[in-house]
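Q: Under the numbering used here, the letters of the sequence shown match residues 6 to 164, in that order.
Where is the CB? At the ideal position from N, CA and C, for every residue including glycine.
Below you will find the structure I want to go over with you.
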Amino acid sequence: MDKKKSIATAPGYELLKLDNQLCFSLYVCSKEIIKKYKPLLDPYGLTYTGYIILLALWEEDDVNVKELGKRLYLDSGTLTPMLKKLEALGYIKRTRSVNDERNVYIELTQKGRELKKEAIHIPENLICTLDLEPEYSSGLLQGLHQMMKLLDSGNCPAD
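Structure representation (structure tokens):
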């Protein structure tokens, strides 16, 4: 019996196929979508991570680094260098709390607030490059939000 064939037909093997892995599909889609963002963000000197930081700040400005990291699911090792870069680009300002110097607050600069008006086309252009139907896109987003809630709740069987 050929070894390759016996492994491929073993009970449960279907579960181990790469194309049957939810995480792999999410990983590939995420990676490829981020690539599609690159030409849209390059004119502003932004990476995708820098962009989502600004998106969060456009929703709620003047937040501390810890809150921002929690909102974006980013650890301080990723967030801190990105904040330094955004500050160097003139989009944000970092300020230490007067009461507790361990707390650093992030605030949009005028340039950062003005960028919001320019960036309004970015999501629209991305959707056009993906050529997704609005209903499909909306349903997919709802499903992903539901998955995020499930993962955050700690009620996943894998925990």
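Between which residues of its own chain and residue 63 is the CB-CB distance below 7 Å, once the five residues before and five after are set aside?
A: For the purposes of this step, residue 63 is taken as the residue at position 58 of the sequence shown. If we look at residue 63 and ignore the five residues flanking it on each side, its Cβ neighbours are 121.
Q: CB residue 117 to CB residue 90, shorter than 8 Å?
A: As a first step, residue 117 must be located in the sequence shown, where it is residue number 112. As a first step, residue 90 must be located in the sequence shown, where it is residue number 85. No, the pair does not count as a contact, with Cβ atoms beyond the cut-off.
Q: Would you list the residues sitting across from residue 110 in a DSSP beta bridge?
A: Position 105 of the sequence shown, counted from the first residue, corresponds to residue 110. 69 and 100, per the DSSP bridge assignment.
Q: If the criterion is Cβ atoms closer than 8 Å, does the pair residue 97 and residue 113 meet it?
A: The residue given as residue 97 occupies position 92 in the sequence shown. The residue given as residue 113 occupies position 108 in the sequence shown. Yes, the pair counts as a contact, with Cβ atoms nearer than the cut-off.
Q: Please state whether the Cβ-Cβ distance between residue 69 and residue 18 is less than 8 Å.
A: Position 64 of the sequence shown, counted from the start, is the residue given in the question as residue 69. Position 13 of the sequence shown, counted from the start, is the residue given in the question as residue 18. Not in contact: residue 69 and residue 18 (Cβ atoms no closer than 8 Å).
Q: Using the Cα positions of residue 107 and residue 39, report the straight-line distance between them to the nearest angstrom.
A: As a working note, residue 107 is residue 102 in the sequence shown. As a working note, residue 39 is residue 34 in the sequence shown. Using only the alpha carbons, I get a separation of about 32 Å.
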